[in-house]
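Report on the structure given below.
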């Protein structure tokens with residue numbers, strides 16, 4: 013999509029278009045940010061349908077509250093904040109539902125880490141991703157969120173700090189401990 | 724020694740390994756950390772752990788990339804958002820659809836291929852139908868109801884200049900099971916909300932093996948012959964009015980699911 017002067021429209025121009033009911037602007041905005049939003053939601057939920065719900069909910073909340081977007085952050089970081097909150101809400105809801113209708117699980121870290129792992133060469137991308145997703149899901153929520161926003165959302169320490177209202181030092185600390193824990197969880201079976 | 728069992732000052736340095744791995748330190752902080760690293764061998768291993776999960780480790784993150792949802796899944800999200808936000812497609816009067824004029828060549832080729840294949844199917848279908856109709860007259864057949872509802876929707880203008888639209892397309896009574904046919908209509912005849920200004924579109928409800936989204940053709944993609952409303956064999960054909968742009972839809976008809 014190109015604007016009348018032949019350049020790609022800015023986020024602000026697209027947002028103004030969406031506010032005016034322009035479908036093309038909505039589609040372009042979705043196309044521009046859907047992948048990064050989905051990556052964040054998926055890594056927080058490990059479930060495609062739930063992640064799509066979180067992305068949809070996030071876009072909807074953002075686009076119906078445009079008047080609250082004052083340009084203090086980028087549209088991307090604002091969107092990712094809302095999408096990640098939606099994903100965490102969905103995750104909590106899912107946990108609640110599972111705890112009500114399923115027998116309680118008492119998995120320890122060793123329960124889900126295969127005690128006799130396949131050789132690394134046998135692990136395809138899907139295996140490795142699933143193991144990472146599982147490990148990420150076991151992180152404390154505050155570490156998980158920072159880790160995902162940085163790794164999958166592509167946000168800088170400053171953007172994450174501003175988004176979450178914490179200091180850069182706290183972002184650094186949460187990332188550090190998240191990675192150390194992931195290293196322990198994934199052990200050497202998938203990491204060189 | 725681990726970062727949990729170090730002096731507060733060293734602890735801060737360990738934490739900074741995360742920022743160092745991510746390239747988030749300024750020059751002075753980076754140089755100070757490198758001096759500390761040089762005299763603290765244990766920190767090297769911790770740094771490697773941090774670097775493994777840093778976005779800079781492209782190899783690792785490419786191996787654990789999140790699988791993208793299908794185009795159809797994104798389309799459903801778009802439709803839901805559009806409905807909830809009250810967004811409507813803006814049709815270009817000149818093009819008939821609001822496809823971007825700079826449709827890339829690959830998609831043009833795909834459309835051309837689809838059109839060619841569908842046209843061949845149409846020719847065969849019409850031929851078979853013609854033979855059949857000489858033996859057993861039938862009512863004007865219709866597209867499957869679900870396809871009409873999802874694709875055609877509500878006509879915007881009942882004063883259509885076309886002789887036929889998708890709903891009145893001649894369809895073989897039996898032989899064309901799962902055969903591609905080529906309904907044509909102008910923008911005056913159909914309202915396709917799924918066309919949203921991109922080079923691809925999705926037509927839910929229609930089946931095209933292996934393809935779930937494709938471009939709709941515009942006048943620049945298709946050359947239409949000046950058909951007569953009634954062909955020599957007695958079939959009704961598509962007639963586009965002056966200035967009207969054709970929308971070409973490749974569909975697969977299943978007589979078993981068609982309305983009679």
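Protein chains in written order, with this note's numbering: chain A, 13 to 204; chain B, 724 to 983.
Cβ coordinates follow ideal geometry from the N, Cα and C atoms, glycine included.
Status (buried if at least 16 other CB within 10 Å, exposed otherwise) for residue i
{"i": "residue 849(B)", "result": "Reliability fails at residue 849(B), whose pLDDT of 46 lies under 50, so the model's placement of it is uncertain and the value that follows must be treated cautiously. Classification of residue 849(B): buried, given that the 10 Å Cβ count is 16 or more."}
{"i": "residue 237(A)", "result": "Nothing can be reported for residue 237(A): it is not among the residues displayed for chain A, which extend from 13 to 204."}
{"i": "residue 108(A)", "result": "exposed"}
{"i": "residue 829(B)", "result": "Caution is warranted here: a pLDDT of 40 is assigned to residue 829(B), below 50, making its placement in the model unreliable, and no coordinate value can be reported."}
{"i": "residue 781(B)", "result": "exposed"}
{"i": "residue 165(A)", "result": "buried"}
{"i": "residue 153(A)", "result": "exposed"}
{"i": "residue 78(A)", "result": "exposed"}
{"i": "residue 764(B)", "result": "exposed"}
{"i": "residue 186(A)", "result": "buried"}
{"i": "residue 171(A)", "result": "buried"}
{"i": "residue 23(A)", "result": "buried"}
{"i": "residue 806(B)", "result": "exposed"}
{"i": "residue 143(A)", "result": "buried"}
{"i": "residue 762(B)", "result": "exposed"}
{"i": "residue 105(A)", "result": "exposed"}
{"i": "residue 93(A)", "result": "buried"}
{"i": "residue 739(B)", "result": "buried"}
{"i": "residue 754(B)", "result": "exposed"}
{"i": "residue 193(A)", "result": "buried"}
{"i": "residue 751(B)", "result": "exposed"}
{"i": "residue 675(B)", "result": "The requested residue 675(B) is not part of the displayed model; chain B covers only 724 to 983."}
Cross-chain neighbours of residue i in chain B, by beta carbon under 8 angstroms
{"i": "residue 83(A)", "result": "Going along chain B, no residue has its Cβ under 8 angstroms from residue 83(A), so there is no contact; the nearest lies around 20 angstroms."}
{"i": "residue 47(A)", "result": "791"}
{"i": "residue 195(A)", "result": "772, 775, 776"}
{"i": "residue 162(A)", "result": "745, 778"}
{"i": "residue 94(A)", "result": "Per Cβ cutoff of 8 angstroms: no residues; residue 94(A) is ~14 angstroms from chain B at best."}
C-beta atoms of residue i and residue j nearer than 7 angstroms
{"i": "residue 804(B)", "j": "residue 71(A)", "result": "yes"}
{"i": "residue 745(B)", "j": "residue 195(A)", "result": "no"}
{"i": "residue 67(A)", "j": "residue 96(A)", "result": "no"}
{"i": "residue 191(A)", "j": "residue 776(B)", "result": "yes"}
{"i": "residue 38(A)", "j": "residue 30(A)", "result": "yes"}
{"i": "residue 808(B)", "j": "residue 75(A)", "result": "yes"}
{"i": "residue 748(B)", "j": "residue 741(B)", "result": "no"}
{"i": "residue 793(B)", "j": "residue 759(B)", "result": "no"}
{"i": "residue 103(A)", "j": "residue 176(A)", "result": "no"}
{"i": "residue 54(A)", "j": "residue 800(B)", "result": "no"}
{"i": "residue 183(A)", "j": "residue 169(A)", "result": "yes"}
{"i": "residue 100(A)", "j": "residue 147(A)", "result": "no"}
{"i": "residue 42(A)", "j": "residue 26(A)", "result": "no"}
{"i": "residue 157(A)", "j": "residue 89(A)", "result": "no"}
{"i": "residue 163(A)", "j": "residue 778(B)", "result": "yes"}
{"i": "residue 69(A)", "j": "residue 98(A)", "result": "yes"}
{"i": "residue 63(A)", "j": "residue 50(A)", "result": "yes"}
{"i": "residue 151(A)", "j": "residue 786(B)", "result": "no"}
{"i": "residue 810(B)", "j": "residue 83(A)", "result": "no"}
Coil, strand or helix - residue i by DSSP
{"i": "residue 19(A)", "result": "coil"}
Within chain A, the residues that residue i reaches when beta carbons sit closer than 7 angstroms
{"i": "residue 803(B)", "result": "68"}
{"i": "residue 807(B)", "result": "72"}
{"i": "residue 796(B)", "result": "64"}
Cutoff 7 angstroms: residue i Cβ touching any chain D Cβ
{"i": "residue 742(B)", "result": "Protein chains in the displayed structure are A and B, and chain D is not among them."}
Chain A contact residues for residue i, given Cβ-Cβ distances below 8 angstroms
{"i": "residue 759(B)", "result": "Near residue 759(B) there are no residues of chain A at all, since even the closest Cβ is about 15 angstroms away, more than 8 angstroms."}
{"i": "residue 800(B)", "result": "42, 46, 64, 67, 68, 71"}
Chain B contact residues for residue i, given Cβ-Cβ distances below 9 angstroms
{"i": "residue 185(A)", "result": "738, 741"}
{"i": "residue 56(A)", "result": "Chain B residues near residue 56(A): none, gap ~11 angstroms exceeds 9 angstroms."}
{"i": "residue 166(A)", "result": "778"}
Worksheet item: Fully enclosed by the segment 28 to 59 of chain A, which beta strand (DSSP E) runs are 3 residues long or longer?
Response: Counting only runs of 3+ residues, no beta strand (DSSP E) is found wholly inside the segment 28 to 59 of chain A.
Worksheet entry | Inside the segment 743 to 809 of chain B only - alpha helix (DSSP H) runs reaching at least 4 residues | 750 to 761, 764 to 775, 781 to 786, 794 to 808
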